[in-house]
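For what it's worth, this note's numbering labels the leading residue of the sequence shown as 1, then goes sequentially. Yeah, the Cβ is synthetic: ideal placement off N, Cα and C, and Gly gets one too. Note sheet for the following structure.
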Amino acid sequence: RRVAITAGHQPSQHFNTPKSELNQKKAAIRNQDKAFKLLRDEGMCLTMHQPWASLLVAGIKKIEGRSWYSSHRGRLWIHAAGKQSSTAEIQAVEEQYRGIRGHDLEFPEYYPSSAIIGCVFVEDVVPSYENEEENSSEYLFICKDAVSLPVPITSKGQHKVWKLGKQEHSTVLDQLF
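In structure tokens, the structure reads:
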């Protein structure tokens, strides 16, 4: 393919660049976009049942399983569903995690319901076969940097990953910083 160059005009800087170099530059831009997305807080939230919601924001639970995939990465707010857990159920789950993580764990003092209770950083969402931990879910949210809010924010949850309202988002951010 021939390109005519008129006086005073230079060909594109990429005109003579090999394709592999262009692909590397595009990949670098995509990686920068991904890093930027991970830094942002878009106010995305996941509703979970107790006691698992509180164990996740306490950093005891590190992986959350779901039957569906999510492209979300970065901060994810955790909403505790409205259903109260029985004392027996909480004790059984705490005992299960003592067996997994050891006996020196500090469990939450209470397990609030119908509230935004904290956040985690979703590092990745992977098919369960790519992870060594036993889990019956199809996809696993790999979580780190868990934070419990000092005061849970009463809220109605929604299905799957959902966006907080502006006022709710502002309120939870005020507690975080």
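DSSP puts residue i in a beta bridge; with which residues?
i, result
"Phe141", "Glu64 and Val125"
"Trp162", "Cys45"
"Thr154", "Ala115"
"Ser148", "Gly118"
Could you give the C-beta distance for residue i and residue j, rounded to a whole number, given that I count them as a contact under 8 Å?
i, j, result
"Gly102", "Trp77", "No, Gly102 and Trp77 are not in contact; Cβ-Cβ is about 28 Å, not under 8 Å."
"Gln175", "Val151", "6 Å"
"Gly118", "Val161", "Between Val161 and Gly118 the Cβ distance is about 16 Å, and since that is not below 8 Å, they are no contact."
"Tyr111", "Ser85", "6 Å"
When the Cα of residue i is compared with those of the options, which residue comes out closest?
i, options, result
"Ser114", "Lys166, Asp41 and Leu46", "Leu46"
"Trp68", "Lys163, His79, Phe141 and Arg75", "Phe141"
"Lys61", "Glu130, Gln96, Glu138 and Gln158", "Gln96"
"Ser70", "Ile153, Ser170, Glu123 and Asp41", "Glu123"
"Gly157", "Val93, Ala53 and Asp41", "Ala53"
"Arg73", "Leu164, Arg40, Ser155 and His159", "Arg40"
"Ser137", "His49, Leu55, Ile63 and Gly59", "Ile63"
"Lys163", "Arg75, His49, Gly59 and Leu55", "Arg75"
"Pro108", "Met48, Leu55 and Phe177", "Leu55"
"Gly82", "Tyr139, His159 and Glu106", "His159"
"Cys143", "Gly59, Glu106 and Val93", "Gly59"
Look at the Cβ atom of residue i, then the Cβ atom of residue j, and state whether they are nearer than 8 Å.
i, j, result
"Val120", "Ala146", "yes"
"Ser128", "Gly65", "yes"
"Pro51", "Ile100", "no"
"Ile178", "Val125", "Residue 178 lies beyond the stretch modelled for the chain, which goes from 1 to 177, so this question has no answer here."
"Ile116", "Ser155", "yes"
Exercise. Could I get the ranges of all uninterrupted beta strand (DSSP E) runs contained in the segment 66 to 105, with 3 residues as the minimum, in chain order?
Key: 74 to 80
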